[in-house]
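Respectively, the protein sequence lines represent chains A and B. Just so we're aligned, residue 1 is where the first sequence starts under my numbering, counting upward by one. Just so we're aligned, residue 421 is where the second sequence starts under my numbering, counting upward by one. To start, the structure under review is shown below, and the notes come after it.
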Amino acid sequence: MPEETPWQQALRYANRADPYPFYAELRKTPVARQPDGTYVVSTYREIVALLHDPRVSSDVRRLPARAPAPAEPGAEPITEAVIELEPNIITCDPPEHDRDRRMMTRHFYGPTDAPHQISDLEPDIRRIVAGLLDGMRGKTRIDVVDEFAYPLPVKLICKILGVPLEDEPRFHTWIETALDALDLGPEAASEEMRSRVAGARGSVKELEQFMAGLLRQYAEQPGPGMISAMVHNGGPGGRMSEGVLASNAVLLLFAGHETTVNLIAHSVLTLLRHPEALEKLRRRPDLIVPAVEELLRFESSVQFWHTRSAVEDIEIAGTTIPAGAPIFLVYGSGNRDPERFTDPDRLDLERPDNEHLGFSQGIHFCFGAPLARLEVQVAVGEFVRRVENPRLVVDPPPYRHNQIFRGPRHVLVDIDGIRD
Amino acid sequence: MTLAATLAELVRDFKANGRIVIVGASLAGLRGAEALREEGFTGSLTIIGDEPYEPYDRPPLSKQVLKGWVPADHTLLPRARELDAEWRLGVAATGLDRAARQVRLADGEQVPYHRLLIATGTRARQWPNPAEAALDGVISLRTRDDAARLQQALAARPSRVLVIGGGFIGSEVASVCRDLDIPVTLTERGPAPLVGALGGVIGEIAAQMQRDHGVDLRCGVSVSALEGDAAGHVRRARLSDGTTVEADVVLAALGSIRNVEWLQGSGLAAGPWGVGCDAGGRAFDINGVVTDSVYVAGDVARMPHVLYEYQFLAMEHWDNAVFGAEVAAHNMVNLEPHYRPHLLLPGFWSGQFGVNIKSVGVPPFGDEIVFTQGSVKDRSFAAAYGRRGRIVAAVTFDHGKWLEYYAHLIEQSAPFPPPPPGWDRPDVMRPVPAEFPAPGVPTAIPDVVLTGHDPNERRAEFRPRGH
């Protein structure tokens, strides 16, 4: 059996907690062809170049069918199941992308319709964070993921979208099941992953139906939130079709909290691993803004993205990516590229010129970035201020299976108390 | 002591005890001052500005301020750090004595310097007839006082606004008028708005955009005279085509004039296109010899650019002011080999008629244009400018996220036309002439002449116009 490439090793679950040594190996070949024909791009400069290159498509419909895993003819990756949905803004190209994203932006933080939408949420965010921390009083051990990182973003995204919070247990299960079934590495062909994929297909279907039901409900009876607004008022460019709208609503619901959960959990984990940085932030709370940018660089919530492909032959870094080839841009590796970031494995809360790839760049720059920044600044800032003497119980903590949306399943922390 | 050690000691001493004067208290002056402190300069720092205000931001003056969203006096530039500088605001610099190393102020004071940063920028070209320019309602737009005056005039719901000049300022103000539902006529001497900056092909798109938004656009005409009523308020304009326009607000958007008059007699290479300097911001004297103590940044600087065949570029752009000042500041407190060049790829943005227009590179340097992405019909596209088979600039309408790609191509001198995109291709992707106006005729009276025959005596000499 041929030796695994650094990329394949980075994708193995055993390396989820620390893929960085494999990324370092990977960067020796900035644009590396994998055995399945995928081109993995791991260096900052090349990632940025391709993020801005109009010969790169993000459209899943352009992707060649992935080569079936050997001896596993039935193992269809979950990506294929997701493709059954209409494309959303992250999986399509201009002009559809531009039109749809613009329609969504007007209801999120667009200058004409909702310029204060995000900043007006700050009191809500502070109230929720305060409530979560108050709830830890009297405890000596907490799970940062379940008790802190998860509840805040999910409450907010439900409020913003107009998804009833009481449906949270249902869609949470569907999303987790789907996330756990996505594997783009050498373990994709395992018996366990095959059974997960089977389960995930049903979950995606249920999530889709749930969202379609919500859309129909809002079509009949307008309600609060972005989904109802998009159903009734698309703006100058018209309205999205029901399928596209449902697909984008699912995207917002999913991306609107999963990535933020991982960022909050990773931020606490990282600060507890770097006591001097934690102490600095405690002394200088105003550093929270650059600190969150550094934490975005240090442990990116989206490690790479997998729906891009070359529409034409693209010459880059001495390699020609042939037309049609899938391209993976590894943000998590670009963010640790020593050619771009001095001493990249060091956490520096005051890092100058920190143009990281934690939110990507170009036209697919994270739609929710302004919301995520505010949530994480408040959550991490308040955690640092109020939690007394937090200590990691297990390091590294257990990780979730997903390679793209990488994050800890639990972060157990012992504490001495909660300050006012 | 070795020479290297002596020089290092010199730099240290200058950073601690030197005396730096900055003339110009706008974006370039402020960012230059901040950069000097960032570089570790702890000596004396004086900032001279002819306006009475602390540095403020100009881009909003033709947009948010006029719409009434932001008061004109709420545009102060954010401060990146403490400056510990002496501010001499509301007093203009009127002269420079390089031998004595002194800046002369309008109040007669002489301010001594070891090193000087010139950041005096530009001012708005006024309506040329002084009597007509003095009519109530005739306004130009450069300063925050101008913006406050124009905002008040628009808030009074004039029956019609006449904008003279279809450059960026004129077009942006016409856009604001339409947003406020105020009738507006725009006259442009050239064949289309924005033609000087972006060429005739893009100008034609801008013209159609203006007309679609209800601007009464008149191209190929100029304003011959402005007429006022008995109370001295402007009422109408006579145009070169014999027609008249009734208007009670007139914006003279006639471009800018560089503030170099105070440098007359200083022996610096200062002229109508600004103060010549090297790519590190070090000013040239009139002979083209670089000076060691005088630096230039911002709109008033004019420097050779490697990407554009070393032609001298004067860039009236926001980021040129910021980055040029940072480079000049760095070089003011360092010595060779630690000098840095200001190799900015020029870029600018404008917001008008609901469209975000952005550009990178130097469009007028190109002679061909090709649409590369999007749709001209939807006014959502990218286009590239080429010259002799290489890409030299790009412009986007509501496609700003792609500029970085074109910037990278320009920096690499990539072939023109660039490769087609993988999707969202324009209907026509054939390069066509960009239709820039022919360069202006050379001035009849040269500003600089050569004198002397003996090579040792050969010097350049400044001869003021009209002599």
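All residues carry an ideal CB built from backbone N, CA and C; glycine is no exception.
Please state the DSSP three-state secondary structure of valine 485 of chain B. coil
Could you tell me which residues DSSP pairs with glutamine 793 of chain B in its beta bridges? B:Ala802
Taking the CB atoms as reference points, tell me whether alanine 544 of chain B and serine 446 of chain B lie closer together than 8 angstroms. no
If you measure between the beta carbons of glycine 449 of chain B and proline 475 of chain B, is that distance less than 8 angstroms? yes
Any C-beta of chain B sitting closer than 8 angstroms to the C-beta of serine 241 of chain A? no
Could one say the Cβ of glutamate 315 of chain A lies closer than 8 angstroms to chain B's Cβ atoms, at least one of them? no
Assuming the contact rule is C-beta atoms closer than 8 angstroms, glycine 332 of chain A and glutamine 361 of chain A should be a hit. Round their C-beta distance to whole Å, please. Glycine 332 of chain A to glutamine 361 of chain A, Cβ: 15 angstroms. No contact.
Collapsed DSSP secondary structure at proline 839 of chain B in the structure displayed: coil
Can you tell which of B:Gly744, B:Ser579, B:Gln628 has its C-alpha closest to the C-alpha of isoleucine 602 of chain B? B:Ser579
What residues in the stretch 815-832 of chain B bring their beta carbon closer than 7 angstroms to a beta carbon of chain A? Lys821, Trp822, Glu824, Tyr825, His828
Measuring alpha carbon to alpha carbon, tell me which residue in A:Arg385, A:Ala32, A:Arg406, A:His410 is nearest proline 397 of chain A. A:His410
Contact criterion: CB-CB distance below 8 angstroms. Does serine 779 of chain B meet it with respect to chain A? no
Starting from glutamate 279 of chain A, find everything on chain B with Cβ-Cβ shorter than 7 angstroms and list it in chain order. What glutamate 279 of chain A touches in chain B: nothing, since even the nearest Cβ is about 24 angstroms away.
Inter-residue CB distance, valine 641 of chain B and leucine 536 of chain B (contact presumed, cutoff 8 angstroms): Incorrect: roughly 44 angstroms between the Cβ atoms, too far for contact.
Supposed contact pair valine 654 of chain B and glycine 648 of chain B - C-beta distance, whole angstroms, cut 8 angstroms: 5 angstroms
Hey, is the stretch 256-267 of chain A in contact with the stretch 288-308 of chain A, meaning 3+ C-beta pairs nearer than 8 angstroms? yes
Closest Cβ-Cβ distance between tryptophan 489 of chain B and chain A: below 8 angstroms? no
Using three-state DSSP, classify leucine 370 of chain A as helix, strand or coil. Per the sequence shown, the amino acid found at residue 370 of chain A is proline instead of leucine. DSSP places proline 370 of chain A in helix when its eight states are reduced to three.
Where does aspartate 739 of chain B fall in DSSP's three states? helix
Give me, in chain order, the residues of the same chain whose beta-carbon lies closer than 6 angstroms to that of glycine 334 of chain A; leave out the 5 immediate sequence neighbours on both sides. Tyr44, Ile47, Leu357
Return the CA-CA distance between asparagine 233 of chain A and aspartate 739 of chain B, expressed in angstroms with no decimal places. 38 angstroms
Enumerated in chain order, which unbroken segments of the beta strand (DSSP E) with a length of 3 residues or greater are wholly contained in the stretch 618-706 of chain B? 636-639, 643-648, 654-659, 664-666, 669-672, 676-678, 694-696, 702-704
Between which two residues does the beta strand (DSSP E) containing proline 321 of chain A stretch? In the sequence under discussion, the amino acid at residue 321 of chain A is isoleucine, which differs from the proline named in the question. Start and end: 319-321.
Candidates B:Val815, B:Leu765, B:Gly620, B:Val485: closest to leucine 733 of chain B by CA position: B:Leu765
If we ignore side chains and look at the alpha-carbon of each, how far apart do proline 224 of chain A and isoleucine 90 of chain A end up? 25 angstroms
Three-state class that DSSP yields for arginine 340 of chain A in the structure shown: coil
For glycine 771 of chain B, which of helix, strand or coil comes out of DSSP? strand
Reducing DSSP to helix, strand and coil, say where glycine 781 of chain B ends up. strand
Residues within the stretch 830-853 of chain B neighbouring chain A, beta-carbon criterion of under 8 angstroms: Pro839, Pro840, Pro841, Gly842, Trp843, Asp844
List the residues of chain B whose Cβ lies closer than 7 angstroms to the Cβ of glutamate 312 of chain A, in chain order. Pro839, Gly842
CB contact below 8 angstroms: alanine 425 of chain B versus chain A: no
Under 9 angstroms Cβ-Cβ, which residues of chain A neighbour glutamine 793 of chain B? Pro54, Pro94
Does the beta carbon of aspartate 337 of chain A come closer than 8 angstroms to any beta carbon on chain B? no
From what residue to what residue does the alpha helix (DSSP H) around isoleucine 288 of chain A run? 288-298
Go ahead and label valine 82 of chain A buried or exposed: buried means 16 or more other beta carbons lie within 10 angstroms of its beta carbon, across all protein chains shown. Unreliable positioning characterises valine 82 of chain A in this predicted model, as indicated by a pLDDT of 42, which lies under 50. A coordinate reading is not provided.
Who are the near neighbours of glycine 771 of chain B in its chain, counting only those whose CB is closer than 8 angstroms to its CB and skipping five residues on each side? Lys483, Glu592, Ser595, Ile777
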